[in-house]
DNA sequence: AATATTTGACGTATATTTGCGTCAAATTAG
DNA sequence: CTAATTTGACGCAAATATACGTCAAATATT
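Chains as they are written, first to last, in the working numbering: chain A, 1 to 109; chain B, 1 to 109.
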């Protein structure tokens with residue numbers, strides 16, 4: 001690779017790719033779904049919901065946080081992870097414009 | 001890693017993650033956008049549209065093909081890459097159910 | 001038939017992701 | 001205060017992704 005060429009692309013493409021990438025692992029999708037299903041924030045023991053160790057789950061949580069899709073609030077001994085509605089909005093917007101661009105054409109070969 | 005634990009997840013999560021993953025690189029997004037913008041199929045020289053070598057672009061094309069988002073048709077010396085509308089439909093469906101699940105709740109911490 | 005173009009296959013190097021165990025700091029409970 | 005719980009930081013190993021050069025097969029051109 002030598003150099004990370006990712007930065008050579010339009011910033012909107014970079015932002016979009018970063019978000020999709022965050023969604024690109026079943027564990028992270030399951031975490032998000034779990035958040036939605038239980039209608040609550042996460043307090044620690046999500047690792048028992050996943051077939052992965054606590055350490056690994058924590059890593060996925062960190063990545064979702066880095067992507068901005070969830071937020072962590074420390075609450076004493078526990079940490080509460082919650083969805084970030086603002087970032088979900090951004091995702092929706094990005095996806096919408098992407099799919100509209102794609103859908104606009106019925107390509108024939 | 002030792003073992004790929006990806007297979008331990010629900011197949012729908014796996015399928016979704018695989019699609020999002022394919023979208024998780026700016027080069028691949030740009031390729032898809034280029035396909036849409038030019039309202040045509042790709043015949044070879046997309047690498048000139050990207051800040052990457054032909055070899056690398058070809059690799060990204062292969063990945064998009066593997067994900068099913070595009071199809072390649074050999075046409076003599078050239079190869080035509082086209083969007084696969086069926087897979088785009090699948091993506092839309094997957095994304096829709098995902099975002100609806102997420103959106104259903106206004107989580108408060 | 002000989003040459004040029006186009007493409008994917010292959011190999012390689014580096015970067016990143018994935019997964020886990022261990023440990024230490026912070027916090028809570030007893 | 002001491003012991004237990006919870007979490008993130010750190011390090012490590014293996015797998016994947018990213019990027020590219022080179023080469024060979026297929027096709028088109030001359």
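Glycine included, every Cβ here is placed at the ideal spot set by N, Cα and C.
Own chain, CB closer than 8 angstroms to residue i, minus 5 neighbours either side, in chain order
{"i": "residue 57 (chain B)", "result": "27, 31, 46, 47 and 50"}
{"i": "residue 85 (chain B)", "result": "none"}
{"i": "residue 29 (chain B)", "result": "23"}
Cut-off 7 angstroms between Cβ atoms - residues of its own chain near residue i, not counting five sequence neighbours on either side
{"i": "residue 87 (chain A)", "result": "68 and 69"}
{"i": "residue 89 (chain B)", "result": "none"}
Supposed close pair residue i, residue j - CB separation, criterion 8 angstroms
{"i": "residue 34 (chain B)", "j": "residue 61 (chain B)", "result": "Not a contact, Cβ separation roughly 11 angstroms."}
{"i": "residue 17 (chain A)", "j": "residue 98 (chain A)", "result": "Incorrect: roughly 11 angstroms between the Cβ atoms, too far for contact."}
{"i": "residue 22 (chain A)", "j": "residue 52 (chain A)", "result": "That pair is no contact at about 17 angstroms."}
One or two residues paired with residue i in a DSSP bridge
{"i": "residue 73 (chain B)", "result": "B:80"}
{"i": "residue 42 (chain B)", "result": "B:81"}
DSSP state of residue i mapped onto helix, strand, coil
{"i": "residue 57 (chain B)", "result": "helix"}
{"i": "residue 67 (chain B)", "result": "coil"}
{"i": "residue 26 (chain A)", "result": "helix"}
{"i": "residue 98 (chain B)", "result": "helix"}
{"i": "residue 35 (chain A)", "result": "helix"}
{"i": "residue 52 (chain A)", "result": "coil"}
{"i": "residue 1 (chain A)", "result": "With a pLDDT of 48 at residue 1 (chain A), under the threshold of 50, the predicted position of this residue should be treated as unreliable, though the coordinate-derived value follows. Looking at residue 1 (chain A) - three-state DSSP - the assignment turns out to be coil, as it is neither helix nor strand."}
{"i": "residue 169 (chain A)", "result": "Past the edges of chain A, shown from 1 to 109, lies residue 169 (chain A), and the structure says nothing about it."}
Cβ-based neighbour list, residue i, same chain, cut-off 6 angstroms, excluding 5 preceding and 5 following
{"i": "residue 91 (chain A)", "result": "19"}
- Positions along the region 18-33 of chain B whose CB lies within less than 9 angstroms of some CB in chain A: If the cut-off is 9 angstroms between Cβ atoms, the region 18-33 of chain B has 18, 19, 20, 21, 22, 23, 24, 25, 26, 27, 28, 29, 30, 32 and 33 near chain A.
- Mind listing which residues of the region 44-57 of chain A have their C-beta closer than 9 angstroms to chain B's C-betas, in chain order? Result list: 50, 51, 52 and 56.
- Message: If the cut-off is 7 angstroms on Cβ atoms, which residues from the region 88-101 of chain B count as contacting chain A, listed in chain order?
- Response: Within the region 88-101 of chain B, contact with chain A at the beta-carbon level (separation under 7 angstroms) is assigned to 88, 92, 95, 99 and 101.
- Interfacial residues, the region 60-72 of chain A to chain B, with Cβ spacing under 7 angstroms: Taking 7 angstroms as the Cβ-Cβ cut-off against chain B, none of the residues of the region 60-72 of chain A qualify.
- Identify each residue in the region 74-85 of chain A for which the Cβ-Cβ distance to at least one residue of chain B is less than 9 angstroms, and report them in chain order. Per Cβ criterion, the list reads 75, 80, 81, 82, 83 and 85.
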